[in-house]
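Start counting the sequence shown at 0; every next residue gets the next number (numbering that gives the first Met the number 0).
Cβ atoms here follow ideal geometry from the backbone N, Cα and C, with glycine treated the same way.
Just below is one structure, and these are the notes that go with it.
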Amino acid sequence: MANDTSSPNNKTPSFEMTWGSSTSSGYCSEEDSDSELEQFFTARTSFFPKSRKAPVSENSKRDETTERGKQELSSAEIHQKVKEYNAQINSNLFMNMNKDGSYTGFIKVQFKLARPVSVPAPKKGSQDACGRRASGVKRRTSFYLPKDASKYLHISSRTSAREVIEALLKKFTVVDNPGKFALFERSERHDQVYIRKLSDEERPLRLRLCSGPSEKVLSFVLKENETGEVNWHAFSMPELKNFLLILQREEEEHVKQIIQRYALARTKMRDALAGSTPG
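Below you can see the structure in the form of structure tokens.
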């Protein structure tokens with residue numbers, strides 16, 4: 000859990016960050032591509048997103064909480080809401096007022112990424128995640144973020160959704176274009192889950208303040224920025240090669256499982272036939 004370790008002032012940038020999370024990586028391949036030596040990591044996931052049991056509605060309809068988060072609040076209203084917000088939490092993730100009328104606080108962002116992200120290669124002479132020393136040859140590393148990984152960000156009421164995305168990518172040293180990602184708000188109402196994409200200029204902390212600290216009422220999710228089919232032209236050549244290699248590995252594993260399943264079924268049928276008697 001993140002702690003607030005700095006006090007903002009008038010010269011403070013539009014956002015500050017304090018982090019708390021957990022990450023993990025799976026395997027590292029020994030294979031390198033022709034143009035660039037690439038490493039691949041995975042973390043309990045598949046290239047394609049699996050279907051979820053919970054009903055999810057990609058709905059652009061704003062609920063009451065979202066509309067309130069967009070309304071302009073007076074200084075007195077902000078002070079009151081901050082006081083009410085702090086009274087509802089049982090942690091040190093408080094919101095704090097600034098002299099200029101802005102306020103700072105924490106938001107939690109969950110990662111729901113279906114595709115791997117790219118990070119810079121380790122510096123020359125250092126070791127990568129597989130324990131191999133990096134050489135002067137250009138390398139590119141791609142990996143899957145762990146499923147349901149999350150980050151706490153300490154931000155300002157002036158921090159935009161686009162700045163939140165850029166801050167998250169910077170923390171993970173992700174070199175992918177920020178335009179490939181989008182910040183979504185998630186809410187639960189009447190046993191239904193609603194997800195709405197935030198515009199670049201929306202202020203997540205304002206939404207958090209107006210909604211209260213409950214994650215069911217409002218939570219934030221980082222996902223790929225796509226409205227339909229994947230735009231493969233937006234990816235670089237190394238990224239596309241990564242995807243092809245991952246798909247090939249998943250296909251080989253799937254074929255292996257099918258062969259084993261049918262081999263087991265064949266063995267059981269033969270045993271049954273051998274133990275049966277005519278008539």
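query, result
"For GLU251, three-class secondary structure by DSSP", "helix"
"At least three beta-carbon pairs within less than 8 Å, the region 111-122 to the region 71-79", "no"
"Cα-Cα separation between THR224 and ALA181, rounded to whole angstroms", "In the sequence as displayed, the identity of residue 224 is Asn instead of Thr. Distance between the alpha carbons of ASN224 and ALA181 is about 5 Å."
"Alpha-carbon spacing of ARG195 relative to PHE219, whole angstroms", "10 Å"
"GLU35 versus GLU252 - alpha carbon distance", "Confidence is the limiting factor: at GLU35 the pLDDT is only 39, short of 50, which leaves the residue's position unreliable and the question unanswerable from this model."
"Cβ-Cβ distance between ARG205 and SER156 below 7 Å", "yes"
"CB of LEU112 within 7 Å of CB of LEU144, strictly", "yes"
"Cβ distance (whole Å) where VAL116 is taken to contact VAL173 below 8 Å", "5 Å"
"ARG188 in three-state terms, based on DSSP", "strand"
"Closest Cα partner of SER213 within the set GLU165, VAL81, LEU152, GLN87", "GLN87"
"Nearest-angstrom Cα separation, counted from LYS240 out to GLN280", "Since the first residue of the chain shown is 0 and the last is 278, residue 280 is not available in this structure."
"The alpha helix (DSSP H) enclosing HIS232, as first and last residue numbers", "Element bounds for HIS232: n/a, residue is neither H nor E."
"7 Å Cβ cutoff met for ALA279 and PHE110", "With the chain covering only 0 through 278, there is no way to say anything about residue 279."
"Nearest-angstrom Cα separation, counted from LEU72 out to LYS170", "31 Å"
"ALA1 versus ILE245 - alpha carbon distance", "The predicted model places ALA1 with a pLDDT of 43, which falls under 50 and marks its position as unreliable; any figure quoted below should be read in that light. Using only the alpha carbons, I get a separation of about 34 Å."
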